[in-house]
Amino acid sequence: MISTQKHSSEVNSSDVERAMNSPAGSYSPEKLLALISPAAEDYLEEMAQMARQLTVQRFGKTIRLYAPLYLSNYCINNCLYCGFNKENKYERRRLTIEQAIEEADIIAAEGFRDILLVSSEDREFISTDYLCELAGKLRGKFSSISVEVYQMTTEEYAKLFAAGIEGVTLYQETYDRNVYHKYHQAGPKADYDHRLGAADSIAQAGMREIGIGALLGLSDWRLETLALGEHAHYLMKRYWKSRVSFSFPRLRPAKNVDRTQFRFLSDKNLVQMIVALRLCFADAGMVLSTRERAELRDNLIEVGVTKVSAGSKTSPGGYSQTANAVDSTGSPQVEQFEIDDTRSPAEVAEMIRAHGFEPVWKDWDSAFVKR
Ligand code: SF4
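Here's what the structure looks like:
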């Protein structure tokens, strides 16, 4: 693991300028370190312009849109930052296939053709077979189906791929081993090294997209960025057929979660992180969720982000205006975390157009892939 705080504070303006003058989109750990250093903050505007140019060159003036569909909030883990952690006592919910389709129909009616199936670690109910069956039923409505669920084996990922799921997002949460153990004390997720191998399993199963990320707020953001860079570089070299995407989930308020324990990074540093990774990885997808507030999201699509969610609900049944949206007492379902950008998908698409980009609801068809 690269040590960062000490080194990043030693970076000077010549190091930053050298990094900025290196070929756009090329990676080295030293370059990334220079671009995320405190010294680089003075160059942020210039770096952001370079990142914008590079993103437009590689991705065109387009922003992809997707929606998450939460399937279950039963969980056997107790991650201390998450509203779904098993110690939280409230009425849990899991969607039957029929209920999930009902939710997906609402998402499809909003225009989405790219859907992310999300579940807590609820293997008993949200099994591989469940996900395969659901994917089979959604394939006619969505051109791109991905999952963000518990860690699986290569064989299980291969089954999902054969059923029409072509992307998997799975965050390491934090690359800082000590901090990882602090937040994941029990359950299958407590094994740091096992989790670190997940992206390999995903790639070996032939998945087209691998989403990686760190939960921003658990450890030092500079250390997380350097580790993300190394992880992405390794995956790109080794599994060149899969596309690697970065996500930037900053921790949000969640039920019974003590936020005072977190180490938040500022908006400015979030911009710096995105821009620095773009300048090191020209072809990486950059994903931003509705965790972030509207104004910031509007600005970030200008500096490297390629894909955003919109109109998201982060509880199972959250899209339905029917009984699915509440528990048996009539209370709203507990969310994994609170979202900030509450605009409708149409409003987000309009904002993207206003910035001179084309909102893309579909840029891929799973029928292109030979399984
Ligand atoms: S982060 Fe995931 S695994 Fe951990 S408690 Fe939340 S839903 Fe469960």
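Count the sequence shown with the working numbering and you get residues 7 to 377, in order.
Backbone N, C-alpha and C define an ideal beta-carbon position, used for all residues, glycine too.
Since the structure is predicted, the reported quantities are computational estimates derived from the model, not experimental observations.
Beta-carbon contacts of residue i that lie in its chain and below 7 Å, excluding the five residues immediately before and after
| i | result |
| --- | --- |
| Arg70 | Asp120, Thr312, Lys313, Val366, Asp369 |
| Arg183 | Tyr198 |
| Gly170 | Ala141, Gly142, Arg145, Ile151, Ser372 |
| His13 | Leu39 |
| Arg299 | Asp346, Asp347 |
| Ser28 | Lys37 |
| Lys67 | Gly362, Phe363, Glu364 |
| Lys92 | Cys81, Ile82, Asn83, Asn84 |
| Ala110 | Leu75, Ile121, Leu144, Lys147 |
Sequence-distant residues of the same chain with beta carbon closer than 6 Å to residue i, five excluded per side
| i | result |
| --- | --- |
| Met53 | Val281 |
| Phe270 | Gly223 |
| Val250 | Ile216, Ala238, Leu241, Met242, Ala290 |
| Ala164 | Ala211 |
| Tyr177 | Gly219 |
| Thr160 | Ser207, Gln210, Ala211 |
| Ala25 | Lys37, Ala40, Leu41 |
| Val153 | Leu123, Ile171, Val174 |
CB contact below 8 Å: residue i versus chain B
| i | result |
| --- | --- |
| Ala45 | The structure shown has no chain B; it contains just one protein chain. |
Residue i versus residue j: straight-line alpha-carbon distance, rounded
| i | j | result |
| --- | --- | --- |
| Arg100 | Gly362 | 40 Å |
| Gly217 | Gly203 | 13 Å |
| Ser15 | His190 | 30 Å |
| Gly387 | Val174 | Beyond the ends of the chain as shown, which are 7 and 377, falls residue 387; an answer cannot be given. |
| Ala211 | Arg98 | 31 Å |
| Phe148 | Tyr76 | 16 Å |
| Lys261 | Ser34 | 40 Å |
| Ile307 | Ile358 | 8 Å |
| Pro44 | Lys37 | 14 Å |
| Gln342 | Tyr156 | 14 Å |
| Glu108 | Ser326 | 8 Å |
| Thr180 | Leu140 | 30 Å |
| Tyr80 | Leu166 | 21 Å |
| Ala384 | Gly324 | Since the displayed the chain opens at 7 and closes at 377, residue 384 lies outside it and no answer follows. |
| Met292 | Thr266 | 28 Å |
| Phe90 | Asn18 | 43 Å |
| Ala316 | Ile112 | 13 Å |
| Tyr96 | Arg258 | 19 Å |
| Arg228 | Val62 | 26 Å |
| Asp226 | Gly117 | 38 Å |
| Glu230 | Glu236 | 10 Å |
Cβ neighbours of residue i in the same chain (closer than 8 Å, five flanking residues each side left out)
| i | result |
| --- | --- |
| Gln278 | Leu41, Ile42, Ala46, Glu47, Leu50, Met53 |
| Ser78 | Arg98, Arg99, Arg100, Leu101, Ser125, Ser126, Asp128, Phe131, Ile132, Pro322 |
| Ser20 | none |
| Leu302 | Asp273, Leu276 |
| Ile103 | Tyr136, Glu139, Leu140, Lys143 |
| Ala379 | There is no way to answer for residue 379, as the model of the chain reaches only from 7 to 377. |
Cβ-Cβ separation, residue j to residue i (assumed contact under 8 Å), whole Å
| i | j | result |
| --- | --- | --- |
| Ser248 | Arg214 | 6 Å |
| Ser318 | Ser295 | 7 Å |
| Lys195 | Asn83 | 5 Å |
| Tyr87 | Val263 | 6 Å |
Just the residues with CB closer than 6 Å to a heavy atom of ligand 1, in chain order, which are they?
In chain order, the hits are Cys81, Asn83, Cys85, Cys88, Phe90, Asn91, Ser126, Glu127, Lys195.
Which whole runs of the beta strand (DSSP E) in the region 92-146 are 3 residues long or more, in chain order?
Counting only runs of 3 or more, we get 120-125.
Whole alpha helix (DSSP H) runs in the region 35-94 with 4 or more residues, listed along the chain?
Annotation: the region 35-94 contains the following complete segments of the alpha helix (DSSP H) (minimum length 4 residues), in chain order: 35-41, 50-65.
In the region 159-200, which residue ranges form an unbroken beta strand (DSSP E) of at least 3 residues, counting only runs that do not cross its ends?
As far as the region 159-200 is concerned, its whole beta strand (DSSP E) runs of at least 3 residues are 173-175.
Run through the region 290-362 for me and flag every whole beta strand (DSSP E) of 3 or more residues, listed as ranges in chain order.
Within the region 290-362, the complete beta strand (DSSP E) runs of at least 3 residues are 291-294, 313-315.
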